[in-house]
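Novice: Quick note on numbering: numbering that gives the first Met the number 0 labels position 396 of the sequence shown as 395, and the sequence is numbered without any gaps.
Glycine included, C-beta positions come from ideal geometry on N, C-alpha and C.
Input: one structure, supplied below.
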Amino acid sequence: MRPRRFSPSGPLTGTIRVPGDKSISHRSLMFGALAVGETRVSGLLEGEDVLATAAALRAMGATIERTGEGEWRIQGVGVGGLLQPSGALDMGNSGTSTRLLMGLVASHPISATFVGDASLSKRPMGRVIEPLSQMGASFEASPGGTLPLMLRGICPAVPIAYRLPVASAQVKSAVLLAGLNTAGITTVTEPVPTRDHTERMLKGFGADLWVDEENGERVIRLRGEADLRPQTIEVPGDPSSAAFFAVAALVVPGSDLVIENVGLNPTRAGLFEVLRQMGGSIEELGRREVGGEPVADLRVRHSALKGVEVDPALAPSMIDEFPVLFVAAALAQGRTVTSGLDELRVKESDRIAVMAAALAGAGARVEEREDGLVIEGTGGDPLPGGDSPAATHLDHRIAMSMAVAGLVSRDGVEVDDTRPIATSFPAFETLLEQAAQPA
Numbered sequence: 000m001r002p003r004r005f006s007p008s009g010p011l012t013g014t015i016r017v018p019g020d021k022s023i024s025h026r027s028l029m030f031g032a033l034a035v036g037e038t039r040v041s042g043l044l045e046g047e048d049v050l051a052t053a054a055a056l057r058a059m060g061a062t063i064e065r066t067g068e069g070e071w072r073i074q075g076v077g078v079g080g081l082l083q084p085s086g087a088l089d090m091g092n093s094g095t096s097t098r099l100l101m102g103l104v105a106s107h108p109i110s111a112t113f114v115g116d117a118s119l120s121k122r123p124m125g126r127v128i129e130p131l132s133q134m135g136a137s138f139e140a141s142p143g144g145t146l147p148l149m150l151r152g153i154c155p156a157v158p159i160a161y162r163l164p165v166a167s168a169q170v171k172s173a174v175l176l177a178g179l180n181t182a183g184i185t186t187v188t189e190p191v192p193t194r195d196h197t198e199r200m201l202k203g204f205g206a207d208l209w210v211d212e213e214n215g216e217r218v219i220r221l222r223g224e225a226d227l228r229p230q231t232i233e234v235p236g237d238p239s240s241a242a243f244f245a246v247a248a249l250v251v252p253g254s255d256l257v258i259e260n261v262g263l264n265p266t267r268a269g270l271f272e273v274l275r276q277m278g279g280s281i282e283e284l285g286r287r288e289v290g291g292e293p294v295a296d297l298r299v300r301h302s303a304l305k306g307v308e309v310d311p312a313l314a315p316s317m318i319d320e321f322p323v324l325f326v327a328a329a330l331a332q333g334r335t336v337t338s339g340l341d342e343l344r345v346k347e348s349d350r351i352a353v354m355a356a357a358l359a360g361a362g363a364r365v366e367e368r369e370d371g372l373v374i375e376g377t378g379g380d381p382l383p384g385g386d387s388p389a390a391t392h393l394d395h396r397i398a399m400s401m402a403v404a405g406l407v408s409r410d411g412v413e414v415d416d417t418r419p420i421a422t423s424f425p426a427f428e429t430l431l432e433q434a435a436q437p438a
């Protein structure tokens, strides 16, 4: 354990740049490994989750080299060219690595054993096992459909038409990736749109993929067997990482912070919409497109926030940002109500229960409901803080969210373990110290 107390700070000012988008970083490596030729990636997030993806792809035959800070070169094996790994694939804490790589392996004639840390080993994989089994892959999973599990891929696999029972970009992506090496047309229908990096990037790599709106639902079709072309990719800044600094600047008095190069894909930018509804001053500067993704610099200034009822329809576009939104709500004027967040129960931790306990421990007024939290804000007054450490349960987003809460508390907030932060944002603490002036 590496505990740390995060104490009240002065204004967050100046200009910072957050690491590359985690979702795009994972996919850059995977699609590069399936292209024939050399893919170059700049701005790659070098957190533990993405490095787990790189290691697994190397174990299956791809050549992946770091050529500089955030600069990587990938020599792909081609769709259908993945090799039998000689040992288990260690996914660490990364659900994205696990579920997407399961999709890749499912339509190759190889077997792979997936293992992970204690947190990942509790997360359900049944939602991916179900459609991939329909395509012909077979599984031997731990009780409850968790890791460790063995996947035996099949070639040729069977193309399927699959309707997502829950909104999940990871499940959608796993099915589409299995479809890359499957003759025929693989179809995924999502009743609620989820992040669409997979669709955007596969088209950029040359896959025959198209999207239609049918009866109010989004239908994605992919024609296998695909030939992917290598690309040069510039990864935009991760909006999920920018979220912590945006909320911190909104709630710490006197703050005026510019966060450069933030990806603003509409399927990911729900948090910024909600923060503006709460009265937050978030200005987009120099909006542009980088590698098919909308990007802007965000100027965020301290604002008097007010409580809102968050539209459940926005949940898929900000599912990872709810922990830090709960912190903003705890400091707003009035009541914030969130619902439709069942997915948070099966993230790296049960983020509804864990954030309820952590915020209550810091002096916030929180009511836990089955599918969300109701939070009565302080009206801008600092949280009291607390003597007991906030329990992170090996969850990076809990740790960073409670660090932000500590900046606007009277006595500080102790986080029981800051090590999980390295899974997605290794420079978080350094960047926070750079932006925040001493109180």
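#1: Note the first and the last residue of the continuous beta strand (DSSP E) segment covering F138.
#2: Under DSSP, the beta strand (DSSP E) around A421 begins and ends at which residues?
#3: According to DSSP, is I153 part of a helix, a strand, or is it coil?
#4: Which one of E216, W71, T422, A389 has the shortest CA to CA distance from D440?
#5: What span of residues does the beta strand (DSSP E) with D211 cover, start to end?
#6: With respect to the beta strand (DSSP E) encompassing S110, which residues constitute its N-terminal and C-terminal limits?
#7: Anyone know if the C-beta pair for M399 and I374 falls short of 8 angstroms?
#8: Under 8 angstroms: do the stretch 302-314 and the stretch 353-361 share three or more Cβ pairs, one atom per stretch?
#9: For P437, list the residues DSSP reports as bridge partners.
#10: So the alpha helix (DSSP H) E375 belongs to, where does it begin and stop?
#11: Could you check the C-alpha separation between A434 and R1 for me, to the nearest Å?
#12: Leaving out five residues on either side along the sequence, give the residues of the same chain with a beta carbon under 6 angstroms from the beta carbon of R199.
#13: With a CB to CB cut of under 6 angstroms and the five nearest residues on each side skipped, what residues in its chain are close to M317?
#14: Using the beta-carbon count (16 or more within 10 Å), is S85 buried or exposed?
#15: Can you list, in chain order, the stretches of the beta strand (DSSP E) that have 3 or more residues and sit fully within the stretch 280-306?
#16: Out of T14, G125, N264, which one is the CA nearest neighbour of R194?
#17: Please specify which runs of the alpha helix (DSSP H), each continuous and at least 4 residues long, are wholly inside the stretch 232-277, giving them in chain order.
#18: Kindly list the residues whose CB is nearer than 7 angstroms to the CB of A359, restricted to its own chain and excluding five residues on each side of it in sequence; keep chain order.
#19: Rounding to the nearest angstrom, what Cα-Cα distance links L82 and A58 in this structure?
#20: Here's the rule: buried if 16 or more other CB atoms are within 10 angstroms of the residue's CB, otherwise exposed. What is W209?
#21: Which residues mark the beginning and the end of the alpha helix (DSSP H) in which R220 is found?
#22: Compute the distance between the beta-carbons of A111 and I73, then report whether it is under 8 angstroms.
Specialist: On the basis of the data shown:
#1: Counting along the chain, F138 sits inside the beta strand (DSSP E) bounded by residues 137-141.
#2: First-last for A421: undefined, no H or E at that position.
#3: Three-state DSSP puts I153 in coil, outside helix and strand.
#4: The structure shown does not extend to residue 440, since the chain spans only 0 to 438, so no value can be given for it.
#5: For D211, the uninterrupted beta strand (DSSP E) run begins and ends at 207-213, by DSSP.
#6: Where S110 is concerned, the enclosing beta strand (DSSP E) stretches over 110-114.
#7: Taking 8 angstroms as the cut-off, the beta carbon of M399 is found no closer than this to the beta carbon of I374.
#8: Touching, no, given that fewer than three Cβ pairs across the two stretches are closer than 8 angstroms.
#9: Answer is S8.
#10: It is not in any alpha helix (DSSP H) - E375 instead sits in the beta strand (DSSP E) that spans 371-375.
#11: A434 and R1: Cα-Cα distance of roughly 22 angstroms.
#12: Taken in chain order, the residues that qualify are G291.
#13: Counting only Cβ-Cβ distances below 6 angstroms, and skipping sequence neighbours, we find G269, L270.
#14: Exposed, since its Cβ has fewer than 16 Cβ neighbours within 10 Å.
#15: You should have 280-289, 292-300.
#16: Answer by Cα proximity: N264.
#17: Entirely contained in the stretch 232-277, the alpha helix (DSSP H) runs reaching 4 residues are, in chain order, 238-250, 269-276.
#18: Excluding sequence positions up to five before and after A359, its CB lies within less than 7 angstroms of the CB of V365, all in the same chain and listed in chain order.
#19: Approximately 8 angstroms between the Cα atoms of the pair.
#20: It is exposed - the Cβ of W209 has fewer than 16 other Cβ atoms within 10 Å.
#21: For R220, no alpha helix (DSSP H) encloses it; the enclosing beta strand (DSSP E) starts and ends at 216-223.
#22: No, they are not a contact pair.
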